[in-house]
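Trainee: Using UniProt numbering, the letters of the sequence shown map in sequence onto residues 1 to 87. The C-beta atom is built at its ideal place from N, Cα and C for all residues, glycine as well. The structure presented is a predicted model; accordingly, all values stated were derived computationally and were not measured. Below you'll find the structure I mean.
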Amino acid sequence: LYDVAMSPQVSLHNSQTFLKCSRFQNMSQNSSESKRKINQAAEARFGGNVDVICSRGHFSYVFSSNLYCEAAKDLVTCIAFRQTPAS
């Protein structure tokens with residue numbers, strides 16, 4: 001179960017399965033550590049490559065994906081997404 005009080009803010013997602021998998025439970029106050037842990041968890045669950053970007057503070061980005069999620073915990077913000085193949 002997802003404990004809102006213990007979990008980071010999740011602002012964007014398009015897949016409940018991806019959100020439940022990632023949940024960003026692996027986030028810490030270290031952006032580099034968070035990135036690696038989220039990447040490992042998402043790739044183990046979904047297979048293939050899942051890109052993860054984490055930074056202290058907020059950032060702006062543009063990407064195309066059918067599977068993505070963004071979350072913030074304390075000062076760290078992360079976005080995880082699977083790249084959409086070019087058509």
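Using the Cα positions of Asn26 and Val76, report the straight-line distance between them to the nearest angstrom.
Mentor: 12 Å
Trainee: Between the beta-carbon of Tyr68 and the beta-carbon of Phe81, is there less than 7 Å?
Mentor: Cβ atoms of Tyr68 and Phe81: closer than 7 Å.
Trainee: Going along the chain, which unbroken runs of the alpha helix (DSSP H) with 4 or more residues stay wholly within the UniProt domain "Ground-like" (25-81)?
Mentor: 31-46
Trainee: Leaving out five residues on either side along the sequence, give the residues of the same chain with a beta carbon under 7 Å from the beta carbon of Gly57.
Mentor: Counting only Cβ-Cβ distances below 7 Å, and skipping sequence neighbours, we find Leu75 and Thr77.
Trainee: Determine the burial state of Cys39: buried for a count of at least 16 other Cβ atoms within 10 Å of its Cβ, exposed for fewer.
Mentor: According to the sequence as given, residue 39 is Asn; it is not Cys. The residue is buried, with at least 16 neighbouring Cβ atoms inside 10 Å.
Trainee: Starting from the Cα of Lys64, find the closest Cα among Lys73, Ala72 and Asp51 and give me that residue.
Mentor: The sequence given here places Ser at residue 64; Lys does not occur at that position. If we check each option's Cα against that of Ser64, Asp51 comes out closest.
Trainee: Is it buried or exposed for Ala42, if we count other Cβ within 10 angstroms and need 16 for buried?
Mentor: buried
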